[in-house]
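For reference, the structure discussed in these notes is given below.
Residue numbers (my numbering), protein chains in the order written: chain A, 427 to 627; chain B, 1045 to 1233; chain C, 838 to 1061.
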């Protein structure tokens, strides 16, 4: 672990001048200053319009707030007397989260869902190629429906361990930076490693 | 975002206290001054905390909207900056806590280099990527302490107001963050 | 002349590979110069009782990634060595007949992430008759976040003794890593997760929208 002399800490805290730093301490000082200069670059984006749109929006009526609550997912914790619990469960079942689309595929006991997401602005196509496609391209294609450069796919896969990479524009193989778990592929790159769990638990 | 009604007779920039008073008096447009004043720093802070600009924009936008709606609870409008960083810091921590390490995240991924960039821009992007990767190796608390101290230029007193931590704790975090960052930068050279 | 030689080699190779139905799968997916050498590796592996499917998949992977034939052969050969080592370790650890190809494959993959072979014995001893792969991967997840290997093993052993099995070991590792990211030291994170056993939180389920739009893997088009 890198050691920083207490004098350098005092210099960095503005409590001492930098004149007495040794050459190696000056190197550490310079390295940190370079990092800070890079990190201090302000992002180009602005959220002003988005925030002011909310600020200018008239307050929602009670009915609108309830409608919004019903259409969003919520974690609800309720303590009830046991004798009321069945009635409450029935009532809550009637106030269901409205799904965005239809029911989707019927999954077997040894199947689960894998969600792939990658940021590739300007890409014409993005797909996933891996052990679950027999390393055959074209089987799992990601979509960027809102053209924001973020490509997604949700795939039914067998429960267990799978290896994969993204392929961008049909030719560029990219390791998924979000996978968190990797394995050398034996060809000088890294495959991402994914564990799929059964959906019903 | 003119906020023109807030300027005093001498046309100096209004203080944070004056802007807050104006907003609480019913001038919603005056909140635009708050955004203009603090947006860049908050976005920079959130981007470095979360690693992804889009997630950072969400955290800052959510934080500013929350600040507008709860402006009356800002006990000391003269310390508006610390209050805003506290709110956005809490949103960043919520975003980080929601991220799983072993499952795929639905958040956006880091950008890839554009092959049409010129050499200088590419080199700068690579240096930035190295520093960002090094920063990511720090714990959230150390990262926050380093960013508030060195990038946002806060005093330890201001940092205590933002984080709710004691000053000796913050000093220790900053010291450890410096050592950890230097160690990580060595690995990525 | 070269094309004729290739065809001859392929015809000579066909009876050996076709016994496992592999030749038809490999042809067209990997460069012809690699076919004979890979055939030899597959035949040897089959004779030894090693799983051959991971080796075929590695060959497919090399072909898909456009790797040179000799590198594909090398990678398949190394994969066979890793499977061989994994099975030997399982045997040393007391598995009298480690014939489960899935276990051999999982252990080989986990060891491929850099863990020491001694771990196989230790974890197999704690989990007799249970698949070792998920436990090994959980340790590899922890080691990947700079937890010490021995402390990582201790945590997974504790999880096993608390009754956790299979993919739940990955949840144990994930909980420790999340603690680390929230600012706890490595030691404090391990201690905290140990105190939670066996009630380590599972990962969140996919959102209903992700489930409803999930698609099954389609057979893709053949590429030249």
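For glycine and all other residues, C-beta sits at the position ideal for the given N, C-alpha and C.
Everything numeric in this text was worked out from a predicted model, so none of it was measured.
Residue i at chain A interface by Cβ criterion, 7 Å
| i | result |
| --- | --- |
| residue 949/C | yes |
| residue 1227/B | yes |
| residue 1079/B | yes |
| residue 1004/C | yes |
| residue 904/C | yes |
| residue 1097/B | yes |
| residue 984/C | no |
| residue 1053/C | yes |
| residue 1195/B | yes |
| residue 1192/B | no |
| residue 1139/B | no |
| residue 1101/B | yes |
| residue 1082/B | no |
| residue 1219/B | yes |
| residue 890/C | no |
| residue 1050/C | yes |
| residue 1043/C | yes |
Buried versus exposed, by CB contacts within 10 Å (16 or more), residue i
| i | result |
| --- | --- |
| residue 1051/C | buried |
| residue 1036/C | exposed |
| residue 1186/B | buried |
| residue 1141/B | exposed |
| residue 1206/B | buried |
| residue 1159/B | Caution applies to residue 1159/B, whose pLDDT of 44 falls short of 50 and renders its modelled position unreliable; the model cannot decide the point. |
| residue 1108/B | buried |
| residue 998/C | exposed |
| residue 1113/B | exposed |
| residue 536/A | exposed |
| residue 1211/B | exposed |
| residue 377/A | The structure shown does not extend to residue 377/A, since chain A is modelled only from 427 through 627, so no value can be given for it. |
| residue 484/A | exposed |
| residue 443/A | exposed |
| residue 1018/C | buried |
Alpha-carbon spacing of residue i relative to residue j, whole angstroms
| i | j | result |
| --- | --- | --- |
| residue 574/A | residue 600/A | 19 Å |
| residue 1179/B | residue 464/A | 12 Å |
| residue 1194/B | residue 1119/B | 26 Å |
| residue 1123/B | residue 1133/B | 15 Å |
| residue 965/C | residue 941/C | 15 Å |
| residue 1020/C | residue 1217/B | 10 Å |
| residue 604/A | residue 1071/B | 44 Å |
| residue 1174/B | residue 1188/B | 18 Å |
| residue 1027/C | residue 952/C | 19 Å |
| residue 1127/B | residue 606/A | 34 Å |
| residue 1209/B | residue 428/A | 25 Å |
| residue 608/A | residue 571/A | 29 Å |
| residue 455/A | residue 438/A | 8 Å |
| residue 917/C | residue 1228/B | 36 Å |
| residue 969/C | residue 579/A | 31 Å |
| residue 623/A | residue 540/A | 9 Å |
| residue 1083/B | residue 1096/B | 16 Å |
| residue 616/A | residue 1016/C | 26 Å |
Any chain B beta carbon closer than 7 Å to residue i
| i | result |
| --- | --- |
| residue 958/C | no |
| residue 981/C | no |
| residue 886/C | no |
| residue 428/A | yes |
| residue 480/A | yes |
| residue 588/A | no |
| residue 454/A | yes |
| residue 970/C | no |
| residue 900/C | no |
Closer than 7 Å to chain C by CB, residue i
| i | result |
| --- | --- |
| residue 616/A | no |
| residue 584/A | no |
| residue 601/A | no |
| residue 1183/B | yes |
| residue 477/A | no |
| residue 560/A | yes |
| residue 1146/B | In this predicted model, residue 1146/B has a pLDDT of only 35, less than 50, meaning its place in the structure is not dependable enough to derive any value. |
**Asked** Touching or not, the stretch 547 to 565 of chain A and the stretch 577 to 594 of chain A, by the rule of three or more beta carbon pairs under 8 Å?
**Response** yes
**Prompt:** Contact between the stretch 556 to 570 of chain A and the stretch 1053 to 1073 of chain B: three or more CB pairs below 8 Å?
**Reply:** no
**Prompt:** Which whole runs of the beta strand (DSSP E) in the stretch 564 to 590 of chain A are 3 residues long or more, in chain order?
**Reply:** 576 to 584
**Message:** Quick check on the DSSP output: what are the complete alpha helix (DSSP H) runs of length 4 or more inside the stretch 978 to 1020 of chain C, in order along the chain?
**Reply:** 986 to 998, 1005 to 1018
**Message:** So within the stretch 1090 to 1143 of chain B, which uninterrupted alpha helix (DSSP H) runs reach at least 4 residues, ignoring any that extend past its ends?
**Reply:** As far as the stretch 1090 to 1143 of chain B is concerned, its whole alpha helix (DSSP H) runs of at least 4 residues are 1097 to 1113, 1124 to 1142.
**Inter-stretch contact (C-beta, 8 Å, three-pair minimum) for the stretch 943 to 963 of chain C and the stretch 912 to 924 of chain C** = The stretch 912 to 924 of chain C and the stretch 943 to 963 of chain C touch, with three or more beta-carbon pairs separated by less than 8 Å.
**Prompt:** Are there three or more Cβ pairs, one per stretch, closer than 8 Å when the stretch 897 to 917 of chain C is compared with the stretch 867 to 876 of chain C?
**Reply:** yes
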